[in-house]
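Notes follow the structure.
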Amino acid sequence: MGVLKNIINKELIITKCKITDKEELFEKIAGLVLSKGYIEDKDVFLKEIWERENQMSTEIAKGIGMPHIKSDIVKKDFIVVIISKDGIKYGGFNKKVNLIFCIGVGKDSKTYLNIMAKIARFLSKEEIKKSLINSDVPEDVIKLISDFEKVEIVKTKEQKDKYLATIIINKVIEFDKVMELAIETGLVNPTIIDSTYGIRKMFFDIPFLNSFALFSDKNISSKILIGITEDKEYAQRLVGVLKNEGIDIEQEGKGIIFLQKLEDVVGGNDESIEI
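Residues -12 to 262 (my numbering) are what the sequence shown spells out, left to right.
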């Protein structure tokens, strides 16, 4: 099953919502997840979700809100979906939003970024947004998610070994999408190298990357994403996911993905990043 299909539950989906503002919206979400046993404390939930919201509006795109919480009070990961044809006052790009995907995960969740990246990609498709707004029942929403994820390549059984994944993309305009898909596919501790000088210097200073120095010099607009994976077939899996999104990394001049087995990994705190 897909990342979203594993979490989504029709008991947390509200279509044809008549809520008019953000305060009422958050109260509704808090009451719903408390009544269904997903959180321990409604007041703490509201406090923490408003603290995040007051930093910056969580309207991730025009008409789409993604409030989220990563907290000890979350007993079970959840996604609340609320759909309003008339719109809910939200105070972001468009003043109102029609689609709300509220994410709640435990403090130690290792899937937080993956879930957010997957929802962002799901909602980036105009035909999906239109279909969601016109959904009559929760089952309509679940079907849209299932259809979206059915082309997903199943992750292979996790390995004990760790690998350094290096993803070099020559066409910078596609890099953000590649980065989202790489994280969604399971890359952890993602780090971006986007300085042309930094790329060349890294290649010449790290012995096993020397062979890529010429590659970098020929493509000065390249960007690099590095991270860690336990999946020894990660490169092939990511290639398949990228192809599903119209990015063929195997075309000449597009870029390269490679894995390097690691003897030891110490540290790493990407799961604790607050977004």
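Heads up, the beta-carbon is just placed ideally off N, CA and C, and yes, glycines get one too.
| Check | Outcome |
| --- | --- |
| Excluding the 5 residues preceding and the 5 following Leu12 in the sequence, name in chain order all residues of the same chain whose CB lies nearer than 6 Å to its CB. | Ile6, Ile75 |
| For Glu136, does the three-state DSSP call read helix, strand or coil? | helix |
| Which of the three DSSP states, helix, strand or coil, is assigned to Ser71? | strand |
| Which two residues bound the contiguous alpha helix (DSSP H) that contains Glu171? | 162 to 171 |
| Can you give me the C-alpha to C-alpha distance between Glu38 and Ser111, rounded to a whole angstrom? | 26 Å |
| List the whole-angstrom C-beta distance separating Ile60 from Glu10, where the pair is believed to meet the contact cut-off of C-beta under 8 Å. | So it is not a contact: roughly 20 Å between Cβ atoms. |
| Within a Cβ cutoff of 6 Å, which residues of the same chain sit near Leu100, ignoring the five residues on either side of it in sequence? | Ile170 |
| Kindly indicate which residue of Ser133, Leu33, Phe245 has the alpha-carbon position closest to the one of Val(-10). | Ser133 |
| For Thr216, does the count of other Cβ atoms within 10 angstroms reach 16, so buried, or fall short, so exposed? | buried |
| Output the distance between the C-alpha atoms of Lys(-8) and Ile129, rounded to the nearest integer angstrom. | 8 Å |
| Which residues does DSSP list as the beta-bridge partners of Ala222? | DSSP output for Ala222 lists no bridge partner at all. |
| Out of Lys230, Leu131, His55, Asn121, which one is the CA nearest neighbour of Lys3? | Asn121 |
| Would you give the residue range spanned by the alpha helix (DSSP H) that Val(-10) belongs to? | Looking at the DSSP string, Val(-10) is not in any alpha helix (DSSP H), and its letter there is neither H nor E. |
| Assign Lys248 to buried or exposed, taking buried as 16 or more other Cβ atoms, counted over all protein chains shown, within 10 Å of its Cβ. | exposed |
| On the DSSP bridge list, what partners appear for Ile215? | Leu151, Val175 |
| When burial is assigned at 16 or more other CB atoms within 10 Å of the CB, is Val124 buried or exposed? | exposed |
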